[in-house]
Amino acid sequence: MLGFLKEPVVVTAEINVNLVALTAVGLISRLWGLCYPRAVVFDEVYYGQFVSLYMKRIFFVDDSGPPFGHMLLALGGYLGGFDGNFLWNRIGAEYTVNVPVWSLRLLPALAGALCVPLAYQILVELHFSHCAALGAALLILLENSLITQSRFMLLESVLIFFILLAVLSYLKFYNLQRHSSFSGSWWFWLLLTGVACSCAVGVKYMGLFTYILLLAIAGLHFWHMIGDQNLSNVSLLCHFLARGLALIIIPIVMYLSFFYVHLALLYRSGPHDQIMTSAFQASLEGGLARITQGQPLEVAYGSQITLRNVLGKPMQCWLHSHTNTYPIRYENGRGSSHQQQVTCYPFKDVNNWWIVKDPGMQQLVVSNPPRPVRHGHIVQLVHGITTRYLNTHDVAAPLSPHSQEVSCYIDYNISMPAQNLWRVEIVNRESDTDVWKTILSEVRFVHVNTSAVLKASGVIGSSLPEWGYRQLEVVGEKLSKGYHQSMVWNVEEHRYGKSQEQKEREVELHSPTQMDISKNLSFMAKFTELQWKILTLKNEDTEHKYSSSALDWITMDTNIAYWLHPTSGAQIHLLGNVVTWASANAAALVYMCLSLWYLIRRRRKIYDIPEDAWQLWVSAGGICGGGWAVNYLPFFLMEKTLFLYHYLPALTFQILLIPIVLQHLGDHLCRSVLLKSMFSALIVAWFSSVYFVYCTFSPVTYGQPALSVTELKDLRWKDSWNILIRKQ
1049 MLGFLKEPVV
1059 VTAEINVNLV
1069 ALTAVGLISR
1079 LWGLCYPRAV
1089 VFDEVYYGQF
1099 VSLYMKRIFF
1109 VDDSGPPFGH
1119 MLLALGGYLG
1129 GFDGNFLWNR
1139 IGAEYTVNVP
1149 VWSLRLLPAL
1159 AGALCVPLAY
1169 QILVELHFSH
1179 CAALGAALLI
1189 LLENSLITQS
1199 RFMLLESVLI
1209 FFILLAVLSY
1219 LKFYNLQRHS
1229 SFSGSWWFWL
1239 LLTGVACSCA
1249 VGVKYMGLFT
1259 YILLLAIAGL
1269 HFWHMIGDQN
1279 LSNVSLLCHF
1289 LARGLALIII
1299 PIVMYLSFFY
1309 VHLALLYRSG
1319 PHDQIMTSAF
1329 QASLEGGLAR
1339 ITQGQPLEVA
1349 YGSQITLRNV
1359 LGKPMQCWLH
1369 SHTNTYPIRY
1379 ENGRGSSHQQ
1389 QVTCYPFKDV
1399 NNWWIVKDPG
1409 MQQLVVSNPP
1419 RPVRHGHIVQ
1429 LVHGITTRYL
1439 NTHDVAAPLS
1449 PHSQEVSCYI
1459 DYNISMPAQN
1469 LWRVEIVNRE
1479 SDTDVWKTIL
1489 SEVRFVHVNT
1499 SAVLKASGVI
1509 GSSLPEWGYR
1519 QLEVVGEKLS
1529 KGYHQSMVWN
1539 VEEHRYGKSQ
1549 EQKEREVELH
1559 SPTQMDISKN
1569 LSFMAKFTEL
1579 QWKILTLKNE
1589 DTEHKYSSSA
1599 LDWITMDTNI
1609 AYWLHPTSGA
1619 QIHLLGNVVT
1629 WASANAAALV
1639 YMCLSLWYLI
1649 RRRRKIYDIP
1659 EDAWQLWVSA
1669 GGICGGGWAV
1679 NYLPFFLMEK
1689 TLFLYHYLPA
1699 LTFQILLIPI
1709 VLQHLGDHLC
1719 RSVLLKSMFS
1729 ALIVAWFSSV
1739 YFVYCTFSPV
1749 TYGQPALSVT
1759 ELKDLRWKDS
1769 WNILIRKQ
């Protein structure tokens, strides 16, 4: 029984020394002096705010992308014991002792370091020589811009890591296809491809470009499999389902999981609540939830309500009225109704309260049992404090003359009768008998007499003049074709009115609501709303000192000053290795020219290189050239402020193309021994220049040692570079 103990247990392992060495030097280059400078560097001022909010569990919305990247940065803060207490208000601010700088910068640095062995592995899986793979890894290692970007609390290095991991995983999966389909390793690499793709997209939406590229390549490979007569229909179906599961279903599930964790962590109310709907705000701890907790769910005749405009632009606001009237004549000479003003007010106020009245009854209290208001019911809206009825008529609005003025009706005993009947239309109803619900229902109010729709004016600069206290205009939109959020309102605060007498009612309107009904949004409802806000919320893009165009990136005509020492000349810049960038452009140009030449010649039945070499050339170009194109060209279509760091994912793919082109030239164009020797010597000289430039710009890559004014001037190799020089 114990016979196996007679022989020693032997474990053998193959260690790729190249891979181990590259990983080690990659870690050294990215982790060395990671805490320096102990000050806020460029976009750390931006990402640090979100890390602090994670530490305090306060909800926020970032329109730059999904939350996974932010959560990774927050993980670094959590592991370092960060309490979130730091004021991220300016670049260069010294970190206080409670900020774990090394821990916050660790994950981006690790991701940047691991890109070096990933580059090596990708070229090996593309079936290029270990020498070419080593060259690719060293070029990534010595690329100054990639080093700079990975040494701070920024997300580009994390994005590039997941992109390269996805590419490597797919290549390993594809190479196992012929001999080990559906084996454990085959499944591992296929599933890892999907996981890495979802992580890349979860860090930044730029990861979507590489994900689409890999989906296209996987689709092309499967198309070729369909033509393989050795595969049965059942086998093809299994392959299709496996790819669908790993490359589509799992990424979608993981993407949703990022938001699930994000929303689970950020359960407290915060400064970004106001751009979310009332229902979303009420689901957070504190803030609106403290006000709305326990409100009646169903709006009934006699309900006292506040109405919030769903659009929330240019700011959140509530339907409001006050005793002041519209001026008899506006500044442009047009006349008004001189009725009581109705506005949209961006602050909570007792004048935001309205009473839902049954037109057929006089009472302003909720009956017992309550009579709920349903879709299609006719109501009157009575202003709680002034008891005047919401009204509109054929009088031009003050700022939007094409729309009707909305007012609270005052009887002047003239030939302008009240028109105060409104039909409730629940926009998000499930049936035509739906009950109007607090927070959850989105409603339109359609004027019975004129069919105008109550709307918060979308006119730019729609704040009323001094006579309207700079509040926002509310109009009756005559042309109500289609759906717009400015026409939609939801009940935010709600109580069942109990007081018929006006003085008692005013006291009631000033008091908080308390009833025991809760309203919780499902995860999918919160995800859908948050995702829509991320995609549609646009901060005003202002011109930045270091912003640039996509054309500037190719030749690196721009740089970004990340940090400047307050007293010495020490500084950090996002600047690339000039030789590497120029070589990458040259490699891309050579690849395109050679590919076109080969295609033309092959069309004439002239084959300059063997078929296997041609297939290798095409597949490498599809991955590296395609990766550069999909990560670069879309920026020409984007209307946003662009920076040099946006080019780094595309640059990484372009760098991988350099050793591919060099090996191809050496193998197929340098045919004599003399030419091969000369070509090898040129490569050594060229690589020496790459290393020389890396060393030259290291002081502004790592921020030390501090350089003199003369040395800084010598680094300005291009007039367009903004090297910071202090005035003497």
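Going by the working numbering, the sequence shown opens with residue 1049, and the numbers climb by one from there. From the three backbone atoms N, C-alpha and C, an ideal C-beta is built for every residue, glycine too. Keep in mind it's a predicted model, so treat the numbers as computed, not measured.
W1366 - partner residues in DSSP beta bridges: As a working mapping, residue 1366 is identified with position 318 in the sequence shown. R1356, Y1393, per the DSSP bridge assignment.
Selected residue, minimal CA-CA separation from Q1711, among L1502, A1698, F1727, L1429: Residue 1711 sits at position 663 when you count from the first residue of the sequence shown. Nearest of L1502, A1698, F1727, L1429 to Q1711, Cα basis: F1727.
Alpha-carbon to alpha-carbon, Y1693 and W1234: Within the sequence shown, numbered from 1, the residue matching residue 1234 stands at position 186. Within the sequence shown, numbered from 1, the residue matching residue 1693 stands at position 645. One C-alpha to the other measures close to 35 Å.
Residue environment, W1237, which counts as buried when at least 16 other CB atoms sit within 10 Å: The count along the sequence shown starts at 1 and reaches residue 1237 at position 189. That one is buried.
Segment contact, 8 Å Cβ cut-off, at least three pairs: the region 1597-1614 with the region 1346-1360: Output reads no: the region 1346-1360 does not touch the region 1597-1614.
Cβ neighbours of V1483 in the same chain (closer than 6 Å, five flanking residues each side left out): The count along the sequence shown starts at 1 and reaches residue 1483 at position 435. Around V1483, the same chain offers E1346, P1420, R1422 as residues with beta carbons nearer than 6 Å, after the five sequence neighbours per side are excluded.
CB of V1522 within 8 Å of CB of V1454, strictly: To locate residue 1522, count along the sequence shown from 1; it is residue 474. To locate residue 1454, count along the sequence shown from 1; it is residue 406. Yes, these two residues count as a Cβ contact at 8 Å.
Pairwise C-alpha distance: G1117 and V1282: Taking the sequence shown and counting its residues from 1, one reaches residue 1282 at position 234. Taking the sequence shown and counting its residues from 1, one reaches residue 1117 at position 69. Going from the Cα of V1282 to the Cα of G1117 covers about 40 Å.
Close-in-space but distant-in-sequence residues of the same chain around Q1322 (CB under 6 Å, 5 per side omitted): As a working mapping, residue 1322 is identified with position 274 in the sequence shown. Cβ neighbours of Q1322 beyond the five flanking positions: Q1364.
Rounded separation between M1686 and L1075 - CA only: As a first step, residue 1686 is located in the sequence shown; it is residue number 638 there, counting from the start. As a first step, residue 1075 is located in the sequence shown; it is residue number 27 there, counting from the start. Approximately 35 Å, taken between the alpha carbons.
For C1179: DSSP bridge partner residues: Locating residue 1179 in the sequence shown gives position 131, counting from the first residue. None, per the DSSP bridge assignment.
One or two residues paired with V1427 in a DSSP bridge: For the purposes of this step, residue 1427 is taken as residue 379 along the sequence shown, with counting starting at 1. Per DSSP, W1470.
Among P1747, N1607, Q1702, L1664, the one whose alpha carbon lies nearest that of L1690: Translated into positions along the sequence shown, residue 1690 becomes position 642. Measuring C-alpha to C-alpha distances from L1690 to each of P1747, N1607, Q1702, L1664 identifies N1607 as the nearest.
Terminal residues of the alpha helix (DSSP H) in which G1524 lies: Taking the first residue of the sequence shown as 1, we reach residue 1524 at position 476. Counting along the chain, no alpha helix (DSSP H) covers G1524; the unbroken beta strand (DSSP E) around it starts and ends at 1520-1525.
N1625 burial status per 10 Å Cβ neighbour count (16 or more: buried): Residue 1625 sits at position 577 when you count from the first residue of the sequence shown. Buried, since its Cβ has 16 or more Cβ neighbours within 10 Å.
Bridge partner(s) assigned by DSSP for F1257: Working through the sequence shown from its first residue, we reach residue 1257 at position 209. DSSP lists no partner for F1257.
Meets three-Cβ-pair contact criterion under 8 Å: the region 1349-1357 and the region 1537-1546: yes
Reduced DSSP category for Q1388 - H, G, I as helix; E, B as strand; rest coil: To locate residue 1388, count along the sequence shown from 1; it is residue 340. The answer is strand: DSSP assigns Q1388 an E or B state.
Assigned secondary structure, Q1197 (DSSP; H/G/I helix, E/B strand, else coil): The residue given as residue 1197 occupies position 149 in the sequence shown. Q1197: helix per DSSP, three-state reduction.
Length of the line joining the Cα atoms of M1563 and G1350: The residue given as residue 1563 occupies position 515 in the sequence shown. The residue given as residue 1350 occupies position 302 in the sequence shown. Legend: pLDDT at M1563 = 39, less than 50; position of this residue unreliable, no value from coordinates given.
Beta carbon of N1400 nearer than 8 Å to that of Q1389: Within the sequence shown, the letter at position 352 stands for residue 1400. Within the sequence shown, the letter at position 341 stands for residue 1389. No. Outside cutoff.
L1622: first and last residue of the uninterrupted beta strand (DSSP E) it sits in: As a position in the sequence shown, residue 1622 is number 574, starting the count at 1. 1619-1622 is the span of the beta strand (DSSP E), which, as asked, contains L1622.
For F1209, the nearest candidate out of S1229, S1246, N1461, I1620 (CA to CA): In the sequence shown, residue 1209 corresponds to position 161, counting from 1. Nearest C-alpha to F1209: S1246.
Per DSSP, the bridge partner or partners of I1323: As a position in the sequence shown, residue 1323 is number 275, starting the count at 1. For I1323, which the question treats as bridged, DSSP gives no partner whatsoever.
Proximity winner among G1669, L1154, P1697, relative to Y1680 (alpha-carbon distances): On the sequence shown, residue 1680 is found 632 positions in, with the first residue counted as 1. Considering only alpha carbons, the answer is P1697.
Strand pairing of Q1410, partner residues [DSSP]: Within the sequence shown, numbered from 1, the residue matching residue 1410 stands at position 362. Answer by DSSP bridge pairing: none, since Q1410 is not bridged.
Bridge partners - E1333, DSSP secondary structure assignment: Within the sequence shown, the letter at position 285 stands for residue 1333. Bridge partners of E1333: R1316.
For Y1544: DSSP bridge partner residues: Residue mapping note: residue 1544 aligns to position 496 of the sequence shown, counting from 1. In the DSSP assignment, Y1544 is bridged to S1351.
Delimiting residues of the beta strand (DSSP E) encompassing Y1610: What you label residue 1610 is simply residue 562 of the sequence shown in a count that begins at 1. Y1610 -> beta strand (DSSP E) spans 1608-1612.
Secondary structure, alpha helix (DSSP H): runs of 4+ residues fully inside the region 1196-1256: 1204-1223, 1232-1251
Cβ-based burial, D1110 [other Cβ within 10 Å; buried from 16]: Taking the first residue of the sequence shown as position 1, residue 1110 is located at position 62. That one is buried.
Test item: CB-CB of G1524 and T1440 under 8 Å: Locating residue 1524 in the sequence shown gives position 476, counting from the first residue. Locating residue 1440 in the sequence shown gives position 392, counting from the first residue. G1524 places its beta carbon less than 8 Å from that of T1440.
Inter-residue Cα distance where the pair is L1224 and L1239: Against the sequence shown, residue 1224 aligns to sequence position 176. Against the sequence shown, residue 1239 aligns to sequence position 191. When only Cα atoms are considered, L1224 and L1239 end up about 13 Å apart.
Bridge-paired residues (DSSP) for Y1308: Reading the sequence shown from its first residue, position 260 is the one you call residue 1308. Y1308 is not bridged to any residue.
Check whether F1571 and L1311 have beta carbons under 8 Å apart: Residue 1571 sits at position 523 when you count from the first residue of the sequence shown. Residue 1311 sits at position 263 when you count from the first residue of the sequence shown. It is a contact, given that the beta carbons lie within the stated cut-off.
Any chain C beta carbon closer than 8 Å to L1224: As a matter of chain content, chain C is missing from the structure shown, which is built from one protein chain.
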